[in-house]
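Basically our numbering = 1-based index in the sequence shown + 1. Notes to accompany the following structure.
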Amino acid sequence: MGAYIFRRLLLIIPTLLGIMIINFTLTQFVPGGPIEQIIAQMEGEGDVFESISGGGDAGGDQAGGDERYLGARGLPQEFIDELEREFGFDKPPLERFLTMMWNYMRLDFGESYFRSIGVFELVLEKLPVSVTLGLWSTIIAYLVSIPLGIRKAVKDGSSFDTWTSGIIIVAYAIPGFLFAILLLVLFAGGSYWQVFPLRGLTSDNWDEMTLIGKAADYFWHITLPVLASTISSFATLTLLTKNSFLDEIKKQYVVTARAKGVSERRVLYGHVFRNAMLIVIAGFPSLFIGVFFGGSLIIETIFSLDGLGRLGFEAAVARDYPIIFGTLFVFGLVGLVIGILSDLMYVFVDPRIDFEAREA
Numbered sequence: 002m003g004a005y006i007f008r009r010l011l012l013i014i015p016t017l018l019g020i021m022i023i024n025f026t027l028t029q030f031v032p033g034g035p036i037e038q039i040i041a042q043m044e045g046e047g048d049v050f051e052s053i054s055g056g057g058d059a060g061g062d063q064a065g066g067d068e069r070y071l072g073a074r075g076l077p078q079e080f081i082d083e084l085e086r087e088f089g090f091d092k093p094p095l096e097r098f099l100t101m102m103w104n105y106m107r108l109d110f111g112e113s114y115f116r117s118i119g120v121f122e123l124v125l126e127k128l129p130v131s132v133t134l135g136l137w138s139t140i141i142a143y144l145v146s147i148p149l150g151i152r153k154a155v156k157d158g159s160s161f162d163t164w165t166s167g168i169i170i171v172a173y174a175i176p177g178f179l180f181a182i183l184l185l186v187l188f189a190g191g192s193y194w195q196v197f198p199l200r201g202l203t204s205d206n207w208d209e210m211t212l213i214g215k216a217a218d219y220f221w222h223i224t225l226p227v228l229a230s231t232i233s234s235f236a237t238l239t240l241l242t243k244n245s246f247l248d249e250i251k252k253q254y255v256v257t258a259r260a261k262g263v264s265e266r267r268v269l270y271g272h273v274f275r276n277a278m279l280i281v282i283a284g285f286p287s288l289f290i291g292v293f294f295g296g297s298l299i300i301e302t303i304f305s306l307d308g309l310g311r312l313g314f315e316a317a318v319a320r321d322y323p324i325i326f327g328t329l330f331v332f333g334l335v336g337l338v339i340g341i342l343s344d345l346m347y348v349f350v351d352p353r354i355d356f357e358a359r360e361a
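This is the structure we're talking about:
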């Protein structure tokens with residue numbers, strides 16, 4: 002198993018490098034770089050995209066170094082050249098990419114173009130919100146969906162199976178942002194009850210609270226955002242659990258165990274559970290990453306949470322490349338490591354699995 006893990010760790014390097022190369026290459030063709038953002042603001046045009054569409058010659062290349070930055074504006078070329086040197090755009094793209102990757106290997110993610118703060122410090126500042134949404138949503142989804150899926154497998158074809166399937170499919174069909182707005186209207190003082198706070202992860206007087214008060218305040222604030230993030234996860238995980246159990250229940254070893262007089266509970270949780278849960282556990286990384294990255298932007302925006310989703314969106318709009326590439330590197334690395342942890346969970350659940358023997 003050690004050799005297999007070592008090989009997987011080595012594969013992280015070319016995979017992560019490929020991700021960075023593709024995204025860095027794409028940015029070379031996207032108009033409206035950070036220099037154009039600054040010029041647009043200095044000219045009082047508000048948004049670089051508006052100035053590009055109406056500026057005629059102001060095309061824009063994030064590598065910076067041609068006269069299209071000026072367009073019809075009266076800014077001196079010396080000022081543009083100074084901006085290029087400050088941002089490092091006076092160097093060829095290949096040199097900038099190699100320098101960036103070398104810095105990343107030393108865990109130096111640079112500083113934001115527009116926030117005057119290091120990328121690493123900025124990510125750490127926003128991380129608690131996204132971890133809260135991703136972790137608690139995943140835990141709740143598993144705690145609800147696995148017992149429900151097992152019950153549906155045992156009661157397959159019954160009225161319980163039918164109406165619970167209808168409920169989770171309807172929940173899956175509801176867009177997360179629509180459910181979030183519904184929760185706000187109903188329980189956050191929109192039109193009905195003021196039960197939960199409207200925004201933020203903690204109250205203003207957080208520092209003055211006791212330890213128990215802080216915990217209660219934290220869960221009070223995250224209730225609605227976590228519910229909105231979790232609603233679409235129940236259907237996939239519940240039906241996956243149910244189908245996995247149904248496949249295992251029909252196998253010969255289950256029939257043999259029942260014929261020997263083993264109790265139904267012992268059959269389900271002593272024999273079937275370990276085998277049926279393999280595919281469910283394999284889906285843990287994708288579910289966590291999906292909630293952590295995919296749905297965080299909308300939920301954070303609706304509930305006014307300052308997390309990584311909003312940070313990434315604002316960085317993309319402003320063309321803040323250190324944040325974009327720094328967070329992409331970190332998130333890509335985390336995703337690849339979680340994939341390895343998923344394999345380790347396979348072995349933990351069922352020690353008979355040997356990835357090295359399968360590769361041989």
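Cβ coordinates follow ideal geometry from the N, Cα and C atoms, glycine included. What you are looking at is a predicted structure, and each value in this text was computed from that prediction instead of being measured.
Contacts around Ser305, its chain only, beta-carbon distance under 8 Å, and the 5 residues preceding and following it disregarded: Leu199, Arg200 and Gly201
On the three-state DSSP scale, how would you describe Gln195? strand
DSSP three-state assignment for Gly201, whether helix, strand or coil: coil
What's the C-alpha gap between Leu309 and Leu144? 25 Å
Go through its chain and collect everything with a Cβ distance to Val273's Cβ below 8 Å, but skip five positions before and after it. Phe246, Glu249, Ile250 and Val255
Looking at C-beta atoms only, is the number of pairs between the segment 312-332 and the segment 230-239 that lie closer than 8 Å three or more? no
Exposure label - Leu342; buried when at least 16 CB within 10 Å: exposed
Select from Glu126, Phe88 and Met21 the residue whose C-alpha is nearest the C-alpha of Phe98. Met21
Return the first residue and the last residue of the alpha helix (DSSP H) that Phe246 is part of. Ser234 to Ile250
According to DSSP, simplified to helix, strand and coil, what is Gly119? strand
Starting from Thr211, follow the alpha helix (DSSP H) in both directions and report where the run begins and ends. Careful: Thr211 lies outside any alpha helix (DSSP H) and carries neither H nor E.
Arg86 - containing alpha helix (DSSP H), residue span: Gln78 to Phe88
Exposure of Lys261, with buried meaning 16 or more beta-carbon neighbours within 10 Å: exposed
Under 8 Å by Cβ, that's how I've got Asp321 and Tyr114 pegged, so tell me the actual separation to the nearest angstrom. 5 Å
Cα-Cα separation, Asp48 to Ala41: At Asp48, the pLDDT of 47 sits below 50, so the modelled position is not reliable; the number obtained from the coordinates is stated separately. If I take the Cα positions, the gap works out to 6 Å.
Residue from Leu11, Arg9 and Phe25 with nearest C-alpha to Leu329: Phe25
Apart from the five residues just before and just after Lys215, which ones in its own chain have a Cβ nearer than 8 Å to its Cβ? Thr203 and Trp207
Please report the straight-line C-alpha distance between Ile324 and Glu126, rounded to a whole angstrom. 13 Å
Using C-beta distances below 7 Å, list every residue in its chain close to Ile141, excluding the 5 sequence neighbours before and after it, in chain order. Val227 and Thr231
Given a cut-off of 7 Å, decide if Phe188 and Phe178 are closer than it, judged by their beta-carbon atoms. no
Bridge partners for Phe112 per DSSP, in chain order? Inspection of the sequence shows that residue 112 is occupied by Glu rather than by Phe. Glu112 is bridged to Gly119.
Spatial distance of Arg86 from Glu122 (CA atoms): 24 Å
Can the beta-carbon of Phe235 be found less than 7 Å from the beta-carbon of Ala172? yes
Please report the residue range of the alpha helix (DSSP H) in which Ile175 lies. Premise fails: Ile175 is in no alpha helix (DSSP H) and is neither H nor E.
In this structure, what does DSSP give as the bridge partners for Ala189? Gln195
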